[in-house]
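Residue numbers (this note's numbering), protein chains in the order written: chain A, 19 to 232; chain B, 19 to 232.
Everything below concerns the one structure shown next.
There are 2 protein chains.
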Amino acid sequence: MLSMICIDKNKFNSLEDRKRISLINSLTGVKSANLISTQSKDKVTNLSFVSSVFHLGASPALFGFVIRPDSVPRDTLNNLREHPYLTVNHVNTNIIENAHQTSARYKAVESEFDKCKLTEEYINDHPAPFLKESKIKFAAKMIREINIEENGTHIIICELLAIHLPEECLAEDFTIDITIAKSVGVSGLDQYINLESLGRVSYAKPDKIVKWFT
Amino acid sequence: MLSMICIDKNKFNSLEDRKRISLINSLTGVKSANLISTQSKDKVTNLSFVSSVFHLGASPALFGFVIRPDSVPRDTLNNLREHPYLTVNHVNTNIIENAHQTSARYKAVESEFDKCKLTEEYINDHPAPFLKESKIKFAAKMIREINIEENGTHIIICELLAIHLPEECLAEDFTIDITIAKSVGVSGLDQYINLESLGRVSYAKPDKIVKWFT
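Here you go:
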């Protein structure tokens with residue numbers, strides 16, 4: 019039996035910064051672990067760990083992600099403002115340490131590919147590199163940014179251009195099984211999560227019992 | 019060795035709707051599985067499966083989530099416009115079937131709590147019920163909605179009011195270990211994911227090797 023506690027607004031706002039950040043960051047549940055690659059106008063590549071990529075729609079194919087306030091330089095945001103092409107690359111169990119290392123504060127003139135022992139891969143003339151070590155990855159173009167005035171963050175809205183993935187991950191109905199590619203999740207700031215498939219369930223209808231079908 | 023394939027924009031746009039939706043929905047990686055509870059002005063409660071909750075900031079404590087176009091009635095959106103209070107409740111391994119069932123199309127006058135055999139729990143006068151069966155859950159208030167003109171979706175921005183969680187999940191540094199509460203993830207439309215902790219890693223600094231510390 020777990021013992022429930024309550025942390026209300028007064029309590030979490032009075033925590034020291036690091037504790038409040040750890041708490042609030044781990045609240046929303048498991049997050050996808052992606053490395054977003056961009057390129058500056060001087061062709062310096064950048065690789066940034068992003069745990070906030072979210073699905074926005076399939077027609078047109080759109081997704082979004084969050085970039086923190088640009089009160090300090092944000093290479094990904096600066097690059098996208100000059101050159102709106104990016105790639106999103108799933109982190110997998112083989113490259114967790116390298117991926118985590120990209121969140122260290124490198125200079126804008128340094129490429130995280132080089133510093134973190136990760137490999138650039140250019141595919142089909144897309145003007146931003148993919149991450150070779152990533153198995154599920156996609157090319158995209160930024161459409162616009164939405165500024166969140168409440169805290170200075172930016173929601174970046176992107177259009178999907180092309181998907182690269184192992185054939186083995188693609189089911190007959192075109193669902194991707196991310197567990198076959200050993201994609202990982204992240205919780206909070208620094209906990210990595212192994213993903214294990216529990217199976218798929220049937221489409222929910224009123225007065226029909228949900229069935230597991232794989 | 020996995021064999022990589024490419025699905026470009028022409029290909030995914032020419033897929034039949036259900037395949038394209040399955041593909042694009044499973045692209046961004048693992049998603050958190052949450053049930054969002056709201057209440058209509060007539061006090062009919064609603065419980066909605068949402069896999070798009072994302073962290074937006076810790077000061078002030080904000081999060082967001084996506085609601086699909088309101089070209090058909092969206093009970094959660096309608097409720098929040100009338101009465102902006104909500105709760106977000108992690109889905110855990112014990113309630114996957116019930117949680118999935120909430121995505122069936124029930125009438126606005128029917129409560130998913132009742133229809134899906136889940137239990138309302140009112141705590142500390144918050145004017146929306148929590149889900150009793152959920153272990154990690156939080157109270158919030160909608161601040162505003164952002165309409166995404168590109169596809170008619172709505173990004174809902176919320177302020178965190180109170181957190182309820184098992185004491186056993188809270189580390190000394192206030193990181194929440196969601197795996198102790200058996201929170202689950204979801205991939206695509208219908209694949210459930212068991213979350214297994216791989217451990218936590220040290221804060222990344224240039225020229226310092228990342229260490230696993232639990």
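Quick reminder that beta carbons are idealized off the backbone N, C-alpha and C, glycines included.
Keep in mind the model is a prediction, meaning the values are calculated, not measured.
Contact with chain B by residue i, beta-carbon distance below 9 Å
i: SER44(A); result: yes
i: ALA180(A); result: yes
i: PHE30(A); result: yes
i: GLU214(A); result: yes
i: ARG92(A); result: no
i: PRO145(A); result: no
i: THR66(A); result: Checking the displayed sequence, the identity of residue 66(A) turns out to be Ser instead of Thr. By this cut-off, SER66(A) is not an interface position.
8 Å CB neighbourhood of residue i in its chain, flanking five on each side removed
i: SER152(A); result: LEU53, ASN107, HIS108, VAL109, ASN110 and ILE113
i: SER40(A); result: GLY206 and LEU207
i: PHE30(B); result: ARG38, LEU41 and ILE42
Nonlocal neighbours in the same chain, by C-beta distance under 7 Å from residue i, ignoring five residues either side
i: SER89(A); result: GLY170
i: THR232(B); result: GLY217 and ARG218
i: ILE211(B); result: VAL48, VAL202, GLY203, VAL204 and SER205
i: PRO224(A); result: none
For residue i, the residue or residues it bridges with in DSSP
i: ASN212(B); result: GLU214(A) and VAL202(B)
i: PHE72(B); result: GLY82(B)
i: PHE148(B); result: GLU139(B)
i: ALA189(B); result: ALA189(B) is not bridged to any residue.
9 Å Cβ cutoff, residue i in contact with chain A
i: ILE175(B); result: yes
i: LYS59(B); result: no
i: SER121(B); result: yes
i: PHE72(B); result: yes
i: THR193(B); result: yes
Residue i - DSSP class collapsed to helix/strand/coil
i: LEU136(A); result: coil
i: ASN169(A); result: coil
i: THR94(A); result: helix
i: ASN142(A); result: coil
i: GLU128(A); result: coil
i: GLU177(B); result: strand
i: SER66(B); result: strand
i: HIS118(B); result: helix
i: LYS29(A); result: helix
i: ILE42(A); result: helix
For residue j and residue i, believed in contact at Cβ under 8 Å, the rounded distance
i: THR105(A); j: ALA146(A); result: 5 Å
i: THR197(A); j: SER215(A); result: 5 Å
i: ASN43(B); j: GLY203(B); result: Their Cβ separation, rounded to whole angstroms, is 13 Å, which puts ASN43(B) and GLY203(B) out of contact at 8 Å.
i: ILE181(B); j: PHE156(B); result: 5 Å
i: ASN97(B); j: SER58(B); result: 5 Å
i: LEU65(A); j: LEU136(A); result: 6 Å
Beta-carbon contacts of residue i that lie in its chain and below 6 Å, excluding the five residues immediately before and after
i: GLN119(B); result: CYS134
i: LEU74(B); result: LEU80, PHE81 and GLY82
i: ARG162(A); result: ILE175
i: GLU186(A); result: ILE198
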